[in-house]
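Asker: Below is a structure I'd like to ask you about.
Residue numbers (this note's numbering), protein chains in the order written: chain A, 146 to 629; chain B, 146 to 629.
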């Protein structure tokens, strides 16, 4: 059906399904084990909806101890495990397979502790990203990483994918805002990693777990760094005639030593679609748009925006508009944050996620257009310009397999172009299944083999979230060792 | 001579010394291999000077390729390798052993690239920490981590130990300011890890390498995140009658949502010693002192300091003094940064490095005094109060082995007390040999075994920086596997 291969299901596991389900029911009582086809269907895909596989069963534990028992059971029985947050992965990171169980965190959503003095917060990882900030908003604090899917996506998923968001230019991505986790290994061991302090003795396993795409184990609790809200924040919109001019303005603002909280870019197609949806006052006559947001006291906001406006004008901004009210600011962000959804109303698309050095923006945008033109496809560009994280949306028709194949080919070419200019394959969506085979474009076999050895230090039998991240054809280091 | 055991040298390696040296000379020409006893003596210890071991030989490569050749040679020949930056480790992290070679980065000190627009800088890792900031100061940029030893310590050492500094409260530690590295594995493979972007696909090996205390491989080049200097910075000194009052003020400032760049604490003994040295105007009549530094525009400095002063007064500050000039500010910091050196002029000491939750400061300080009183030893407290990183200096007499043994016992009790209140064994100095056996106080065997499996994914033969970090008596996971 689609271009990305998944391994065939293991018939020995399929044949033992009833026995495996019975074993899981003994560990997670009540409604924690989902078996019926209807209910399992909700878990057969994630936000990379072109790919679907029905899992063997779905388990929704309520405690860390249940998670440990389930993983130990699966390790013993050789059953693959696909961990799942809210299933918002754009790269197929939560795609099940027929011989795997899905293990979800949706029943573990509690806030366990808030410590404003040490600026930390302890949560169960099934809580949504926005739920974290909502729980501390009345104290004037917030949790910084803010993926577009923040209403739905979970902290578990954010940790697995090391999620970023519009504001990571200033505040960093998940790994920069994560202090510690309760982690369950595939062996069913419960391990405390990191803590309330900035540094801990021993190896920083926290960093390598964050972004390991659910291939190391399950994170059931997390200590997050929370931050006091800025006194105020204000976005400004700039219209430019060309993407080149907008790109040059981004580089100039950053080079001047200004740190906005966010610099977002949209091209002509994206402007029209988002403006239709959000009525935010985006400049429809512009060829490209920048949203620049700054934070601080009223005086600081005025000062920073004046400097940014001067630089933008010097680089050809044809219009500018500051949000005068909170409602105007919200509308500006509503347009940006709803961009993927708004696009989805008018077309199917695959969303790419490459990064590039900021200075190479104009030439890469030009190359993206060329690539998509050659396939006869439309492309919209919406992205985090401040940190060079591109999100080209390649439009296609889901009912036309040829069109999907072309879109995937264009996507691959776009990512190769990003790597060629010194960027990388994924900024924040992860590798999942989507970019698995492309990892060899970015990394040498030596580099991939080193990563795989670390993966095996956690999951020697390769049962956690199988067929993701690493090229399927690459030999596993443990197999090489056996052969040698 | 001292309390911490090192494994006996392997006689088979010692017997093959000439052959090993000849092999090394073939790989690193000229003066890159040091053999004479006189010259080797400079490498027999680090800043944990109570421990000394003469290495077999010292190698100072000039290129990444030479480093790779040396490591591959040692891996093949089974020769242990002790990597070394400037040898400023306070925990014995660079202590050699008789059957090991020391491999140093002192010939690799170049700045390779500065990219202000993307705020990154590429260096060879033998450059000093201060050398990095010095190279970009004229552009108005700086590198944030600032250990007290920054004049001497290298980026290689900073990465190995995940070093912090006085200003890490605001800017984070090394791992928060490191974008990518060129890394040489013990097999002699050259691996590029991370990059110019905030996130990269695949596993974040960068985080687990940073802070791995030279046990994974050698970092020969690094891409560092650099930051624009703040418009201005100003420290303020507060005197308090008691440590308890100062501790409460720290918690109150942080709880109010203010982010100073640094909050430093000194007790009575430390105040006197540092004031004798730096003549910084420290309040000699106070029982404890805080240095709080803030950054921003003149208006912001005034605003922030006024808020901080109000909170400090509410918590019993008996005196306060803002630096009025750059010279006054420099004197205040000179006192703090020279504290360990100034202390060294009047007594031998061991410097502990525990962390605690900020709110537990008063009771832990009280406990530290009790512990040292019981051993008949003096203790001075100087530390990064903002992030709860304690540095009790336990004074002893190096010519009296009994006094050293007592100091080590007191040090161990202090670290246990830190862990008991929810803190940890080391904030920034690392485990090295000093805290190796104490790791079991902080971690379960399951947790340590998981760390050791990751170590083995990089160095299966345990040749990189041996006898550090992990308790000597713990079985290696690979041995357990063989036995099973």
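Cβ atoms here follow ideal geometry from the backbone N, Cα and C, with glycine treated the same way. All values derive from a computational prediction rather than experimental measurement.
1. Residue 641 of chain B: which of B:275, B:500, B:325 and B:381 sits nearest, CA to CA?
2. For residue 159 of chain A, count neighbouring Cβ atoms within 10 angstroms of its own Cβ and tell me buried if that reaches 16, exposed if not.
3. Nearest chain B C-beta to residue 628 of chain A closer than 7 Å, yes or no?
4. If I'm right that residue 385 of chain B touches residue 378 of chain B with Cβ under 8 Å, what's the distance once you round it to whole angstroms?
5. For residue 503 of chain A versus residue 263 of chain B, is the C-beta distance shorter than 7 Å?
6. Helix, strand or coil, according to DSSP, for residue 330 of chain B in the structure here?
7. Say the cut is 6 Å; is the CB of residue 188 of chain B nearer than that to a heavy atom of the ligand SAH?
8. Give a yes or no on whether 7 Å exceeds the smallest Cβ distance from residue 433 of chain A to chain B.
9. Tell me which residue opens and which closes the beta strand (DSSP E) that residue 602 of chain B is part of.
10. By the criterion of Cβ-Cβ separation under 8 Å, what are the contact partners of residue 595 of chain A in chain B?
11. Return the CA-CA distance between residue 186 of chain B and residue 424 of chain B, expressed in angstroms with no decimal places.
12. Determine the DSSP secondary structure at residue 464 of chain A, reduced to helix, strand or coil.
13. Going by DSSP, what residue range makes up the alpha helix (DSSP H) through residue 389 of chain B?
14. Taking Cβ positions only, does residue 598 of chain B come closer than 7 Å to chain A?
15. For residue 346 of chain A, decide whether its Cβ has a neighbour in chain B, counting only Cβ atoms nearer than 7 Å.
16. Measure from the alpha carbon of residue 364 of chain B to the alpha carbon of each residue in B:545, B:230, B:188 and B:590, then state which is nearest.
17. So the candidates are A:553, A:528 and A:581; which of them puts its Cα closest to the Cα of residue 313 of chain A?
18. Would you mind giving the Cβ-Cβ distance between residue 226 of chain B and residue 245 of chain B, rounded to the nearest angstrom? I have them listed as a contact below 8 Å.
19. Which value, in whole angstroms, describes the spacing of the CA atoms of residue 468 of chain B and residue 382 of chain B?
20. Please classify residue 438 of chain B: does DSSP put it in a helix, a strand, or coil?
21. Name the residues in the region 392-419 of chain A whose C-beta lies less than 7 Å from a C-beta of chain B; which are they?
22. What's the gap between the Cα of residue 480 of chain A and the Cα of residue 296 of chain A?
23. For the region 408-416 of chain A against the region 426-439 of chain A, do three or more pairs of beta-carbon atoms, one drawn from each stretch, fall closer than 8 Å, so that the two count as touching?
24. Quick one: using the 10 Å Cβ neighbour count with 16 as the cut-off for buried, is residue 181 of chain B buried or exposed?
25. Tell me whether the region 353-360 of chain B and the region 611-621 of chain B touch, counting them as touching only if at least three CB pairs, one residue from each stretch, are closer than 8 Å.
26. What residues in the region 292-308 of chain A bring their beta carbon closer than 7 Å to a beta carbon of chain B?
27. For residue 148 of chain A, which residues of its own chain have a beta-carbon under 7 Å away from its beta-carbon, when the five flanking residues on both sides are left out?
28. Would you mind sorting residue 255 of chain B into buried or exposed? The rule is 16 or more other CB atoms within 10 Å of its CB.
29. If you reduce the DSSP assignment to three classes, tell me which class residue 529 of chain B lands in.
30. Which term fits residue 490 of chain B, buried or exposed, when burial requires 16 or more other beta carbons within 10 angstroms of its beta carbon?
31. Which residues in the same chain have their Cβ closer than 6 Å to the Cβ of residue 155 of chain A, if we skip the five residues on either side of it in sequence?
32. Report the start-end ranges of each beta strand (DSSP E) in the region 469-503 of chain B that is 3 residues or longer and not cut off at the edges.
33. Under 7 Å between the Cβ atoms of residue 380 of chain A and residue 474 of chain A?
34. Does DSSP put residue 196 of chain A in a helix, in a strand, or in coil?
35. Does the distance from the C-beta atom of residue 284 of chain A to that of residue 261 of chain A stay below 7 Å?
36. State the Cα-Cα distance for the pair residue 618 of chain B and residue 624 of chain B, rounded to the nearest angstrom.
Answerer: In this structure, then:
1. Residue 641 of chain B is absent from the structure shown; chain B starts at 146 and stops at 629.
2. On the first chain, position 14 is the one that residue 159 of chain A refers to. Per the 10 Å Cβ criterion, exposed.
3. In the first chain, the residue the question calls residue 628 of chain A occupies position 483. Low confidence applies to residue 628 of chain A: its pLDDT is 39, below 50, so where it sits in the model is not reliable, and the reading given next is rough at best. Taking Cβ atoms only, chain B never reaches closer than 7 Å to residue 628 of chain A, which makes this a no.
4. Translated into the one-based positions of the second chain, residue 385 of chain B becomes position 240. Translated into the one-based positions of the second chain, residue 378 of chain B becomes position 233. Rounded, the Cβ-Cβ distance is 23 Å, inconsistent with contact.
5. Along the first chain, read from residue 1 onward, the residue named residue 503 of chain A stands at position 358. Along the second chain, read from residue 1 onward, the residue named residue 263 of chain B stands at position 118. Contact: yes.
6. For the purposes of this step, residue 330 of chain B is identified with residue 185 of the second chain, where counting begins at 1. Three-state DSSP puts residue 330 of chain B in a strand.
7. Looking at this structure, you won't find the ligand SAH or any other ligand, since it has none at all.
8. Position 288 of the first chain holds residue 433 of chain A. No Cβ of chain B is located within less than 7 Å of the beta carbon of residue 433 of chain A.
9. As a first step, residue 602 of chain B must be located in the second chain, where it is residue number 457. For residue 602 of chain B, no beta strand (DSSP E) segment is defined; the enclosing uninterrupted segment is the alpha helix (DSSP H) at 590-603.
10. For the purposes of this step, residue 595 of chain A is taken as the residue at position 450 of the first chain. The contacting residues are 330, 334, 336, 350, 602 and 603.
11. Position 41 of the second chain, counted from the first residue, corresponds to residue 186 of chain B. Position 279 of the second chain, counted from the first residue, corresponds to residue 424 of chain B. Just so you know, the alpha carbons of residue 186 of chain B and residue 424 of chain B end up roughly 36 Å apart.
12. Taking the first chain and counting its residues from 1, one reaches residue 464 of chain A at position 319. Of the three classes helix, strand and coil, the one that applies to residue 464 of chain A here is strand, per DSSP.
13. Stepping through the second chain from its first residue, residue 389 of chain B is reached at position 244. DSSP places residue 389 of chain B inside the alpha helix (DSSP H), whose first and last residues are 388-400.
14. The count along the second chain starts at 1 and reaches residue 598 of chain B at position 453. At least one chain A Cβ lies under 7 Å of residue 598 of chain B.
15. Residue numbering aside, residue 346 of chain A sits at position 201 when the first chain is read from its first letter. With 7 Å as the cut-off, residue 346 of chain A counts as an interface residue toward chain B.
16. Here residue 364 of chain B refers to the residue found at position 219 when the second chain is read from its first residue. Selection B:545, B:230, B:188 and B:590 evaluated against residue 364 of chain B yields B:230 as nearest (Cα-Cα).
17. Counted from its first residue, the first chain places residue 313 of chain A at position 168. Of A:553, A:528 and A:581, the residue nearest in Cα terms is A:528.
18. In the second chain, counting from the first residue as 1, residue 226 of chain B sits at position 81. In the second chain, counting from the first residue as 1, residue 245 of chain B sits at position 100. With 8 Å as the limit, residue 226 of chain B and residue 245 of chain B qualify as a contact, their Cβ atoms being about 6 Å apart.
19. As a working mapping, residue 468 of chain B is identified with position 323 in the second chain. As a working mapping, residue 382 of chain B is identified with position 237 in the second chain. Answer to the nearest angstrom: the Cα atoms are 8 Å apart.
20. Along the second chain, read from residue 1 onward, the residue named residue 438 of chain B stands at position 293. Strand at residue 438 of chain B.
21. 396, 399, 400 and 402: these are the residues of the region 392-419 of chain A whose beta carbon lies less than 7 Å from some beta carbon of chain B, given in chain order.
22. If you number the first chain from 1, residue 480 of chain A lands on position 335. If you number the first chain from 1, residue 296 of chain A lands on position 151. Cα-Cα distance, rounded: 15 Å.
23. Verdict: yes, contact present.
24. By 1-based counting over the second chain, the position of residue 181 of chain B is 36. Per the 10 Å Cβ criterion, exposed.
25. In the pairwise beta carbon analysis, the region 353-360 of chain B is classified as touching the region 611-621 of chain B: at least three pairs are separated by under 8 Å.
26. The region 292-308 of chain A vs chain B, Cβ under 7 Å: 307.
27. For the purposes of this step, residue 148 of chain A is taken as the residue at position 3 of the first chain. Same-chain partners within the cutoff: 550 and 553.
28. Translated into the one-based positions of the second chain, residue 255 of chain B becomes position 110. Flag for residue 255 of chain B reads exposed.
29. Residue mapping note: residue 529 of chain B aligns to position 384 of the second chain, counting from 1. If DSSP states are grouped into helix, strand and coil, residue 529 of chain B belongs with the strands.
30. Here the question's residue 490 of chain B lines up with position 345 in the second chain. So residue 490 of chain B counts as exposed.
31. On the first chain, residue 155 of chain A is found 10 positions in, with the first residue counted as 1. Within the same chain, residue 155 of chain A has close Cβ partners 244.
32. Listed in chain order, the complete beta strand (DSSP E) runs (minimum 3 residues) inside the region 469-503 of chain B are 493-496.
33. Here residue 380 of chain A is taken as the residue at index 235 of the first chain, counted from 1. Here residue 474 of chain A is taken as the residue at index 329 of the first chain, counted from 1. Residue 474 of chain A is positioned such that its CB atom lies closer than 7 Å to that of residue 380 of chain A.
34. Here residue 196 of chain A is taken as the residue at index 51 of the first chain, counted from 1. Correct three-state label for residue 196 of chain A: coil.
35. Position 139 of the first chain, counted from the start, is the residue given in the question as residue 284 of chain A. Position 116 of the first chain, counted from the start, is the residue given in the question as residue 261 of chain A. Contact: yes.
36. Taking the first residue of the second chain as position 1, residue 618 of chain B is located at position 473. Taking the first residue of the second chain as position 1, residue 624 of chain B is located at position 479. Separation of residue 618 of chain B and residue 624 of chain B (C-alpha to C-alpha, rounded to the nearest whole angstrom) is 12 Å.
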